[in-house]
Amino acid sequence: MEEKYELRRVTVTRYITPLREGGSLPALAEADDDFKYVLKFKGAGHGVKALTAELIGSEIARALGMKVPELVFAELDEAFGRTEADEEIQDLLKTSQGLNLALHFLSGAINFDPVVTQVEPMLASKIVWLDSYITNVDRTFRNTNMLIWHKELWLIDHGASFYFHHSWTNMEKQAKTTFSLIKDHVLLPVASQIEEANAICKRLLTEEKIREIVALIPDEWLDWEGNDQSFEELRETYVQFLLVRLANSEIFIKEAQNARQTFI
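full-length UniProt numbering puts the first residue of the sequence shown at 1, with every later residue one more than the last.
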């Protein structure tokens, strides 16, 4: 029997520094395995839903053969951060006790610059397909959310995906949206093989793989205020959103192809 896929778990031992200004305040931190991580906090911004989007989006990208830093579940101890001088960070650490998400820190990586680095059309097309599929509003010229590390392209920051889960209504209708924001995608100008990418991605993304990824969502992140559905029912909604959207991929690939015409 095939072993169940799970993320490693680490305990955060040292908060090093916030990585950028802004609402979510991700941080560089060290864990008990002596590795450094980019730590995403459940007490920030959109909270656990952003972590869930990061988890599902990143693991779908990995399933499609794209390079994504290893994700781990990162435990924040109750006592952690008491000595932190910055009150905003101290509050963030306090509200993030328990299970958070962290990405392996790619030391020495640089931000992707489309002027400097050329991306091969098939890879660009797959990334455009991915972001259309998971409704990722972040991968623009202003905020590329990609890194160059060891001369390879790595994808990061999928927390702004799956915006349907902030309203949690009309799942099927939202699964069939065109995703017009793809017009702002940084790689759209070079994504000339979207049809071919669609065929490849649909072949790789089986129902079994989708269920395996969604099953990774911890119960702790599904304990939403005011929600009366079970954790399994919530996970099944994510699964159905992904399956319906996959079955109707022609809706969003057509939108991407039409948007691309403005660059040609």
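C-beta atoms are modelled at their ideal positions from N, C-alpha and C, and glycine is treated no differently.
Notebook entry, point to check: When DSSP builds the beta bridges, which residues end up paired with Thr237?
Noted result: Residue 237 sits at position 237 when you count from the first residue of the sequence shown. Paired residue(s): none; Thr237 is not in a bridge.
Notebook entry, point to check: Buried or exposed: where does Leu204 fall if 16 or more other Cβ atoms within 10 Å of its Cβ makes it buried?
Noted result: If you number the sequence shown from 1, residue 204 lands on position 204. So Leu204 ends up on the exposed side.
Next item on the list: Return the chain-ordered ranges of every alpha helix (DSSP H) run that is complete within the segment 115 to 166 and spans a minimum of 4 residues.
Entry: 121 to 133
Notebook entry, point to check: With C-beta atoms as the reference, is Asp34 less than 7 Å away from Val10?
Noted result: Your numbering for residue 34 matches position 34 in the sequence shown. Your numbering for residue 10 matches position 10 in the sequence shown. No, these two residues do not count as a Cβ contact at 7 Å.
Margin query: Taking the beta strand (DSSP E) that Thr262 belongs to, which residues open and close that run?
Written below: What you label residue 262 is simply residue 262 of the sequence shown in a count that begins at 1. Unbroken run through Thr262: none, as it is neither H nor E.
Item checked: Secondary structure of Asn100, DSSP reduced to three states -> For the purposes of this step, residue 100 is taken as the residue at position 100 of the sequence shown. Strand, per DSSP.
Next item on the list: Could you check the C-alpha separation between Leu188 and Ala79 for me, to the nearest Å?
Entry: As a first step, residue 188 must be located in the sequence shown, where it is residue number 188. As a first step, residue 79 must be located in the sequence shown, where it is residue number 79. Their backbone Cα atoms lie some 46 Å apart in a straight line.
Next item on the list: Determine the closest residue to Glu88 out of Gly45, Val128 and Gln118, with distance taken between C-alpha atoms.
Entry: Here residue 88 is taken as the residue at index 88 of the sequence shown, counted from 1. Taking only the C-alpha atoms, the option nearest Glu88 is Gly45.
Next item on the list: Use the C-beta contact count for Asp77: other C-beta atoms within 10 angstroms, 16 or more gives buried, fewer gives exposed.
Entry: Here residue 77 refers to the residue found at position 77 when the sequence shown is read from its first residue. Exposed, by the Cβ-count rule.
Notebook entry, point to check: According to DSSP, what are the bridge partners of Asn111?
Noted result: Here residue 111 corresponds to residue number 111 of the sequence shown, with the count starting at 1. Bridge partners of Asn111: Leu147.
Margin query: Taking a contact to mean a Cβ-Cβ separation below 7 Å, would you say Trp129 touches Ala61 in this structure?
Written below: The sequence position of residue 129 within the sequence shown is 129, counting from 1. The sequence position of residue 61 within the sequence shown is 61, counting from 1. Not in contact: Trp129 and Ala61 (Cβ atoms no closer than 7 Å).
Note to self: Does Val38 come out as helix, strand or coil in the three-state DSSP assignment?
What the structure shows: Counting from one through the sequence shown, the residue named residue 38 turns up at place 38. Correct three-state label for Val38: strand.
Notebook entry, point to check: Can you list, in chain order, the residues of its chain whose CB lies under 7 Å from that of Leu7, leaving out five sequence neighbours each side?
Noted result: Residue mapping note: residue 7 aligns to position 7 of the sequence shown, counting from 1. Same-chain partners within the cutoff: Leu71, Val72, Phe73 and Leu216.
Note to self: Judging by CA-CA distance, which residue of Ser192, Val239, Glu212 and Arg245 is the nearest neighbour of Gln257?
What the structure shows: As a first step, residue 257 must be located in the sequence shown, where it is residue number 257. Nearest option by C-alpha distance: Ser192.
Next item on the list: With DSSP as the reference, label Ile217 as helix, strand or coil.
Entry: For the purposes of this step, residue 217 is identified with residue 217 of the sequence shown, where counting begins at 1. Reduced to three states, the DSSP call for Ile217 is coil.
Next item on the list: Could you spell out where the alpha helix (DSSP H) holding Thr52 opens and where it closes?
Entry: Position 52 of the sequence shown, counted from the start, is the residue given in the question as residue 52. Looking at the DSSP string, the run of the alpha helix (DSSP H) that includes Thr52 is Val48 to Ala63.
Check: With 16 as the cutoff for other CB atoms within 10 Å, does Ser167 come out buried or exposed?
Finding: Locating residue 167 in the sequence shown gives position 167, counting from the first residue. Exposed: under 16 other Cβ atoms inside 10 Å.
Notebook entry, point to check: Is the Cβ-Cβ distance between Lys40 and Pro26 less than 7 Å?
Noted result: Within the sequence shown, numbered from 1, the residue matching residue 40 stands at position 40. Within the sequence shown, numbered from 1, the residue matching residue 26 stands at position 26. A contact, by the Cβ cut-off of 7 Å.
Item checked: Nonlocal neighbours in the same chain, by C-beta distance under 8 Å from Met1, ignoring five residues either side -> The residue given as residue 1 occupies position 1 in the sequence shown. Residue confidence is low: Met1 scores 43 on pLDDT, short of 50, so the model does not pin down where it sits. Its coordinate-derived value is still stated next. Counting only Cβ-Cβ distances below 8 Å, and skipping sequence neighbours, we find nothing.
Notebook entry, point to check: Looking at C-beta atoms only, is the number of pairs between the segment 109 to 128 and the segment 225 to 245 that lie closer than 8 Å three or more?
Noted result: no
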